[in-house]
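Peer 1: Pasting a structure here, questions to come.
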Amino acid sequence: MHIVNVGLNHKTCPIETRERLVFSKAGQREALEIIRGKIRGSEWFLLSTCNRVEAYFVTHEPERVREDFEQFLSEFHRIDSKGFRHHLYHYENEEAVRHLFRVICGLDSLVLGENEIHGQIKESFGVASQAGMLGPVLGRLFERAFQVSKKVRTDTKINEGAVSIPSVAVELAEKIFGRLHGEKVLVLGTGDMSELTLKHLVTSGAGAILVANRTYERAQSLAKEFNAEAVHFDEWLERLKTVDIVITSTAAPHPVVTYHDVDSVMKFRRHKPLFLIDIAVPRDVEARVSEIDDVYLYNIDDLKVVADANLKERKNEIEACEKVIDEKIAEFFKWMNGLESSEIINRLREYLDFCLAEELKNGFPEAEAQKIRDRVRSKIMHAPLETLKEAAKNGGAHRYLEALEALFDLEKMRR
Amino acid sequence: MNTESPYFWIHIVAAAIAYFSFTFAFIAGLLYLYQDWQLKHRRLTKGPSLETIEKIMFRALLVGLPVLTVALVSGFIWLKWEFGTFWLWNSKVMASVFAWVVYTALFYFHYVSNIHGRKVVILCVFAFSLILVIFLGMSLFEAQIRAYR
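Residue numbers (this note's numbering), protein chains in the order written: chain V, -19 to 395; chain E, -10 to 138.
What follows is the structure, encoded as structure tokens:
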């Protein structure tokens, strides 16, 4: 019984190929059904996110799985396997389990330590479980994986501190205003990054939004997208009196927001804190503005510094995460070995019962035959069981089990 | 000293509660200034947000100020009973009256004029420090005078 993982991710495969191999949510179930027919095994799991496509199997033919999976991907997506074959990775047993644990903890993610992957795996787990593709091994493995992920995220700081520009902006806003609850945002100048930052702020609870842009139409189109109010560019200073957060990203070659502007506005605001996020290069806000009391000015470099510092902190936590993962891998395989040995012993028991029943079926009444069968079986099995128990203490039960399975050809007793 | 007067006990308990609240506001104020400094210097720290700390600080004043008023009034009544006068030139009386004036001003700035931010926090921290100085300084001074006599 082997656990096998085959897949590709953002590290091994370029986006152009990856995006052609992604499974939609609806397609995942259908894909699982097809995989079941393609890959000889007893349990199947498929994970597809924007950064990875990978599958986990429990099988007796690990060496064939990679090829089969490759063929399946190629047929399902109608794409030549030559295009992605060399991007596939393939792990077995302990390495496969380690890979899963690292993935679910966010150690293998594009953004180190991100939490989203936990939810994505949980969702795929639901799909596989509903489709009846999970058995005792993968069921247990994923249950363990969720535990590892939770433990790593509570015991280490792998997911702490924002590591992207928009999320740093949100974290800073929360440091000033507490949990965002309807804070007013002014967007000065539209652009991809300002839009992304605005999106983050809005999902975190920021409220009314004003958009000002030199071209009023641009302001209107962004405003429409966010259900916001478009403001004429010459009005923004007046509106600054009532907002809490400002995102600036105009293409102006000189500062748009001056010391004098902000200083005069702060008196009107009665010194209610003002958070300025200057994403523009060259900068939109005069650097001196940060000298004004209750004004917190962060430009793109400041945000990057915070993000990098947080990322460094996260990287420092990797070792602690690996330690937890190591412990959990050991625990899992202890259970797995136990499962395997009990399965082989059960098969041996069934085999003996089968032989004895054959021999005793004529000449003894049923009750008598049953008694003899139980006694003989116990006697035969006593010594090997004791030896196995002893060997298990030293972790050497595996080779006895393999021998047992081979000598009695117990494979054929598999149901 | 006549400690049987109810005013004396009201005064003691109220003063204790009031100064406890002011100490709390003072600590919150220090925390606010620390967080403000960190944010100005591009450092993200743990701990509550500026807005939360400010809220806590003013809540503490909201408790402290009325209780201090009760402490002062009961104190003056007790003085009149005990010494026949409403006023004594001693550290406790002076510090308390000073505290009442400053905290009332702060209360007015924040709750009536709706002023926020660093300046009111500094005033709160500064006021408490000054009260401590007056209180400790004057006590020391009075002790020395007593020793001299």
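Glycine is no exception: its CB is placed at the ideal position from the N, C-alpha and C atoms.
None of these values were measured; they are calculated from a predicted model.
Given the structure, does residue 355(V) come close to the ligand PLP, in the sense that its CB is under 6 Å from one of the ligand's heavy atoms?
Peer 2: This structure simply doesn't include the ligand PLP, nor any ligand for that matter.
Peer 1: I'd like the ranges of any beta strand (DSSP E) spanning at least 3 consecutive residues and lying wholly in the stretch 75 to 105 of chain V.
Peer 2: You should have found no qualifying run.
Peer 1: Tell me the residue span of the beta strand (DSSP E) that contains residue 39(V).
Peer 2: 32 to 39
Peer 1: What are the residues in the stretch 95 to 128 of chain E lying within 8 Å of chain V by C-beta distance?
Peer 2: 102, 103, 104, 105, 106, 107, 108 and 109
Peer 1: Against chain V, which members of the stretch 17 to 34 of chain E pass a CB distance test of less than 9 Å?
Peer 2: Within the stretch 17 to 34 of chain E, the residues whose Cβ lies closer than 9 Å to some Cβ of chain V are 24, 25, 27, 28, 29, 31, 32, 33 and 34, listed in chain order.
Peer 1: Under 7 Å between C-beta atoms, does residue 50(E) make it to chain V?
Peer 2: no
Peer 1: State the Cα-Cα distance for the pair residue 300(V) and residue 136(V), rounded to the nearest angstrom.
Peer 2: Roughly 7 Å separates the two Cα atoms.
Peer 1: Might you give, ordered along the chain, the residues of its own chain that have their beta carbon closer than 7 Å to the beta carbon of residue 0(E), omitting 5 neighbours on each side?
Peer 2: Excluding positions up to five away in sequence, the list reads 60, 63, 64 and 67.
Peer 1: Taking the Cβ atom as the reference point for each residue, do residue 2(V) and residue 21(V) lie within a distance shorter than 7 Å?
Peer 2: no
Peer 1: Roughly how many whole angstroms lie between the Cα atoms of residue 127(E) and residue 95(E)?
Peer 2: Using only the alpha carbons, I get a separation of about 24 Å.
Peer 1: So, for residue 290(V): in the same chain, excluding its five sequence neighbours on each side, which residues have a beta-carbon less than 7 Å away from its beta-carbon?
Peer 2: 141, 142 and 143
Peer 1: Would you say residue 41(E) reaches chain V, if we count a Cβ-Cβ gap shorter than 7 Å as a contact?
Peer 2: yes
Peer 1: If contacts are defined as beta-carbon pairs under 8 Å, then residue 36(V) and residue 25(V) qualify, I think. What distance do you get, rounded to the angstrom?
Peer 2: 4 Å
Peer 1: Nearest-angstrom Cα distance between residue 105(V) and residue 75(V)?
Peer 2: 20 Å
Peer 1: Tell me where the beta strand (DSSP E) around residue 258(V) begins and ends.
Peer 2: 254 to 258 is the span of the beta strand (DSSP E), which, as asked, contains residue 258(V).
Peer 1: In chain E, which residues lie less than 8 Å from residue 152(V) when you measure between Cβ atoms?
Peer 2: Within chain E, the C-beta atoms nearer than 8 Å to that of residue 152(V) come from 28 and 33, in chain order.
Peer 1: When you compare the CB positions of residue 50(E) and residue 14(E), do they come within less than 7 Å of one another, or not?
Peer 2: yes
Peer 1: Between which two residues does the beta strand (DSSP E) containing residue 378(V) stretch?
Peer 2: Taken as a continuous stretch (DSSP letters only), residue 378(V) belongs to no beta strand (DSSP E), being part of the alpha helix (DSSP H) at 377 to 387.
Peer 1: Can you tell me whether residue 228(V) is buried or exposed? The criterion is at least 16 other CB atoms within 10 Å of its CB, across all chains shown.
Peer 2: buried
Peer 1: Going by beta-carbon coordinates alone, are residue 275(V) and residue 269(V) separated by less than 7 Å?
Peer 2: yes
Peer 1: Is the stretch 55 to 63 of chain V in contact with the stretch -14 to 6 of chain V, if contact means three or more CB pairs nearer than 8 Å?
Peer 2: yes
Peer 1: Suppose contacts are defined by Cβ-Cβ distances below 7 Å. Is residue 316(V) in contact with residue 259(V) by that definition?
Peer 2: no
Peer 1: Applying a beta-carbon distance threshold of less than 7 Å, which residues of chain V neighbour residue 38(E)?
Peer 2: 154, 155, 156, 157 and 158
Peer 1: Measure how close the beta-carbons of residue 219(V) and residue 256(V) come, nearest whole angstrom, since I'm counting them as under 8 Å.
Peer 2: Incorrect: roughly 14 Å between the Cβ atoms, too far for contact.
Peer 1: Just confirm the distance between the C-beta atoms of residue 40(E) and residue 185(V), as a whole number of angstroms; I'd bet it's less than 8 Å.
Peer 2: That pair is no contact at about 13 Å.
Peer 1: Can you tell which of 182(V), 246(V), 213(V) and 33(V) has its C-alpha closest to the C-alpha of residue 195(V)?
Peer 2: The shortest Cα separation from residue 195(V) among 182(V), 246(V), 213(V) and 33(V) belongs to 213(V).
Peer 1: Determine the closest residue to residue 232(V) out of 253(V), 44(V), 265(V) and 221(V), with distance taken between C-alpha atoms.
Peer 2: 265(V)
Peer 1: At the level of alpha carbons, what is the spacing between residue 16(V) and residue 52(V)?
Peer 2: 10 Å
Peer 1: What in chain E is Cβ-close to residue 252(V), meaning under 8 Å?
Peer 2: Taking a Cβ-Cβ cut-off of 8 Å, the neighbours of residue 252(V) in chain E comprise 105 and 106, given in sequence order.
Peer 1: Please state the DSSP three-state secondary structure of residue 126(E).
Peer 2: Here residue 126(E) carries a helix assignment [DSSP, helix/strand/coil].
Peer 1: For residue -17(V), which residues does DSSP report across the bridge?
Peer 2: 38(V)
Peer 1: Are the CB atoms of residue 216(V) and residue 188(V) within a distance shorter than 7 Å?
Peer 2: No, Cβ-Cβ distance for residue 188(V) and residue 216(V) is not below 7 Å.
Peer 1: Examine chain E for any beta-carbon lying closer than 7 Å to the beta-carbon of residue 239(V), and answer yes or no.
Peer 2: no
Peer 1: So what does residue 226(V) bridge to, in DSSP terms?
Peer 2: Beta-bridge pairing links residue 226(V) to 166(V) and 256(V).
Peer 1: Taking the alpha-carbon positions, what's the residue 236(V) to residue 30(E) distance?
Peer 2: 23 Å
Peer 1: What residues of chain E sit near residue 286(V), judged by a beta carbon separation below 7 Å?
Peer 2: Residues of chain E whose Cβ lies closer than 7 Å to the Cβ of residue 286(V) are, in chain order, 31 and 33.
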